[in-house]
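Notes follow once the structure below has been shown.
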Amino acid sequence: MTVHLPTPDSPLKIGTRGSPLAMAQAYETRSRLMQAFDLPEDAFEIVVIKVTGDAIQDRPLKEIGGKGLFTREIEEDLLSGKIDIAVHSMKDMPTLQPEGLILDTYLPREDVRDAFVSPTLTRIADLAKGAVVGTSSLRRKAQLLNRRPDLQVVEFRGNVQTRLKKLADGVAECTFLASAGLNRLKLADVPATPIDADDMLPAVAQGAIGIERRISDDNTAALLAAIHHSDTGNRLAAERSFLLTLDGSCETPIAGLAELDGSTIHLRGEVLRPDGSKALADRRSGPVSTGAEMGRDLAQDLLSRAGPNFFDWH
Numbered sequence: 191m192t193v194h195l196p197t198p199d200s201p202l203k204i205g206t207r208g209s210p211l212a213m214a215q216a217y218e219t220r221s222r223l224m225q226a227f228d229l230p231e232d233a234f235e236i237v238v239i240k241v242t243g244d245a246i247q248d249r250p251l252k253e254i255g256g257k258g259l260f261t262r263e264i265e266e267d268l269l270s271g272k273i274d275i276a277v278h279s280m281k282d283m284p285t286l287q288p289e290g291l292i293l294d295t296y297l298p299r300e301d302v303r304d305a306f307v308s309p310t311l312t313r314i315a316d317l318a319k320g321a322v323v324g325t326s327s328l329r330r331k332a333q334l335l336n337r338r339p340d341l342q343v344v345e346f347r348g349n350v351q352t353r354l355k356k357l358a359d360g361v362a363e364c365t366f367l368a369s370a371g372l373n374r375l376k377l378a379d380v381p382a383t384p385i386d387a388d389d390m391l392p393a394v395a396q397g398a399i400g401i402e403r404r405i406s407d408d409n410t411a412a413l414l415a416a417i418h419h420s421d422t423g424n425r426l427a428a429e430r431s432f433l434l435t436l437d438g439s440c441e442t443p444i445a446g447l448a449e450l451d452g453s454t455i456h457l458r459g460e461v462l463r464p465d466g467s468k469a470l471a472d473r474r475s476g477p478v479s480t481g482a483e484m485g486r487d488l489a490q491d492l493l494s495r496a497g498p499n500f501f502d503w504h
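First residue of the sequence shown: 191, per the working numbering; consecutive thereafter.
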């Protein structure tokens with residue numbers, strides 16, 4: 191088929207949240223498309239869409255609806271044709287897309303690790319007994335309490351800048367951010383120390399950018415195919431299959447990471463009780479082509495070992 195390229199008169203509309211990190215990801219997508227097709231910047235229009243998850247900052251995500259809060263309004267605009275593509279942080283994405291939409295383009299993955307952020311300390315082990323730690327992530331909270339049940343964990347919502355201000359104001363002694371976000375925002379001056387994935391397994395799809403489109407839009411599909419990173423796609427196929435089988439949401443502490451070694455994929459997964467009192471972890475390895483199947487198998491194994499009520503809050 192002949193691919194119709196966007197022009198300044200008929201730009202490709204890129205939908206995104208308005209946070210600095212979301213904008214950086216939209217700019218990266220635009221830059222890769224410009225380079226792939228030798229297009230000018232004004233052949234693209236970045237459309238900022240207000241989402242519920244950004245508007246409500248004073249309550250935990252689990253109380254107001256979970257992951258879909260960062261995507262619903264954007265997906266509505268994509269379905270209606272107000273935008274042509276949507277750029278997402280993959281760790282915020284529900285495992286199933288609305289009817290009519292597909293998520294099959296991924297940019298090269300950034301650093302997957304969590305970062306320990308503190309103006310005075312560099313490791314979790316350095317925290318004094320009973321120290322106050324700020325995080326809005328149930329996964330990080332459960333992982334921390336599993337290793338250090340003495341810590342006090344307080345809610346820390348907001349974008350990177352908001353969380354850093356809370357830290358400076360003394361609300362907590364440390365917090366945690368994704369290394370990928372710090373790198374994409376070029377925040378080298380933030381007092382952050384990456385945590386090895388062996389010590390804190392990251393969220394499923396952490397560090398990955400996904401681009402969503404309408405299934406029926408063949409021209410956009412052809413444009414996006416030019417910037418798709420297949421290694422990232424293969425890794426996320428395993429991780430998101432793991433998450434889907436666990437029925438993962440913002441209310442369930444789940445971690446997962448797939449890594450490639452030639453034609454072999456290695457998948458690690460962890461599920462935790464919300465209070466950190468118990469953690470179950472395991473791993474699988476196999477051919478890259480079996481990644482999704484491997485994710486399902488690992489999830490089913492951990493679910494059978496967890497038994498009923500493992501994720502219950504009460």
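All C-beta atoms, glycine included, are put in the ideal place defined by N, C-alpha and C.
Note that the structure is predicted; figures quoted are calculated from it, not measured.
Candidates the options: closest to residue i by CA position
| i | options | result |
| --- | --- | --- |
| Gln287 | Lys272, Arg262, Asp199 and Leu357 | Arg262 |
| Gly205 | Gln225, Thr197, Thr242 and Glu266 | Glu266 |
| Asp389 | Pro298, Asp282 and Ala315 | Ala315 |
| Lys356 | Leu372, Ser326 and Gly371 | Ser326 |
| Arg207 | Leu462, Thr312 and Val241 | Val241 |
| Leu372 | Asp359, Gly397 and Ile417 | Gly397 |
| Asp437 | Gly476, Leu492, Asp451 and Asn409 | Leu492 |
| Ala482 | Leu434, Ala445 and Met213 | Leu434 |
| Thr219 | Ala427, His418, Ser270 and Ala489 | His418 |
| Asp301 | Asp465, Ala276, Lys468 and Lys376 | Lys376 |
| Thr192 | Met280, Phe500, Pro309 and Leu413 | Leu413 |
| Tyr296 | Val238, Phe501, Ala411 and Pro339 | Ala411 |
| Thr454 | Arg425, His278, Arg222 and Pro230 | Arg425 |
| Arg353 | Asp386, Tyr217 and Phe306 | Phe306 |
| Ala212 | Phe234, Ala378, Arg222 and Phe260 | Phe260 |
| Leu457 | Thr480, Asp408, Ser467 and Asp465 | Thr480 |
| Asp386 | Asp379, Arg486, Arg313 and Arg403 | Arg313 |
| Val237 | Val322, Tyr217 and Asp340 | Tyr217 |
| Leu391 | Ala471, Leu269, Asn409 and Asp228 | Ala471 |
| Leu269 | Ser494, Asn499, Asp407 and Asp421 | Asp407 |
| Phe520 | Asp465, Arg486 and Ser279 | Nothing can be reported for residue 520: it is not among the residues displayed for the chain, which extend from 191 to 504. |
Beta-carbon proximity of residue i to residue j, cut-off 7 angstroms
| i | j | result |
| --- | --- | --- |
| Glu429 | Val394 | yes |
| Phe366 | Asp294 | no |
| Ala362 | Val344 | yes |
| Gly290 | Ile401 | no |
| Gly360 | Phe346 | no |
| Met484 | Arg473 | no |
| Asp274 | Leu202 | yes |
| Arg329 | Pro443 | yes |
| Gly423 | Phe432 | no |
| Ala427 | Asn336 | no |
| Ile292 | Ile264 | no |
| Pro309 | Pro381 | yes |
| Ala489 | Ala226 | no |
For residue i, three-class secondary structure by DSSP
| i | result |
| --- | --- |
| Pro210 | helix |
| His504 | Any reading at His504 is ruled out, since the residue's pLDDT is 49, under 50, leaving its predicted position unreliable. |
| Arg474 | strand |
| Ala216 | helix |
| Phe234 | strand |
| Glu363 | coil |
| Thr383 | strand |
| Ile254 | Because Ile254 sits at a pLDDT of 47, beneath the cut-off of 50, its placement in the model cannot be relied upon, and the point is left open. |
| Ile239 | coil |
| Leu223 | helix |
| Ala370 | helix |
Assigned exposure category for residue i - 16 Cβ within 10 Å defines buried
| i | result |
| --- | --- |
| Glu460 | buried |
| Asp199 | exposed |
| His194 | exposed |
| Gly452 | exposed |
| Pro196 | buried |
| Pro284 | buried |
| Gln215 | buried |
| Lys281 | buried |
| Arg463 | buried |
| Lys331 | buried |
| Ala276 | buried |
| Gly320 | exposed |
| Arg374 | buried |
| Gly497 | exposed |
| Gly271 | exposed |
| Pro477 | exposed |
| Ala368 | buried |
| Pro339 | exposed |
| Arg222 | buried |
Distance cut-off 6 angstroms: residue i Cβ against heavy atoms of the ligand NAD
| i | result |
| --- | --- |
| Met191 | Here there are no bound small molecules, and the ligand NAD is not part of this structure. |
Below-7 angstroms beta-carbon distance, residue i vs any chain B residue
| i | result |
| --- | --- |
| Pro298 | Note that chain B does not occur in the displayed structure, where there is just one protein chain. |
request  = Write down every uninterrupted run of the beta strand (DSSP E) in the stretch 403-457 whose length is 3 residues or greater and which is fully enclosed by it, in chain order.
outcome  = 444-451
message = For a minimum of 3 consecutive residues, which ranges assigned as the beta strand (DSSP E) are wholly contained in the stretch 269-318?
response = 275-279, 291-296 and 304-307
key: beta strand (DSSP E) runs contained entirely in the stretch 325-360, provided each spans 3 or more residues   = 342-344
message = My parser needs the alpha helix (DSSP H) runs of 4 or more residues fully inside the stretch 480-504; what are they?
response = 481-496
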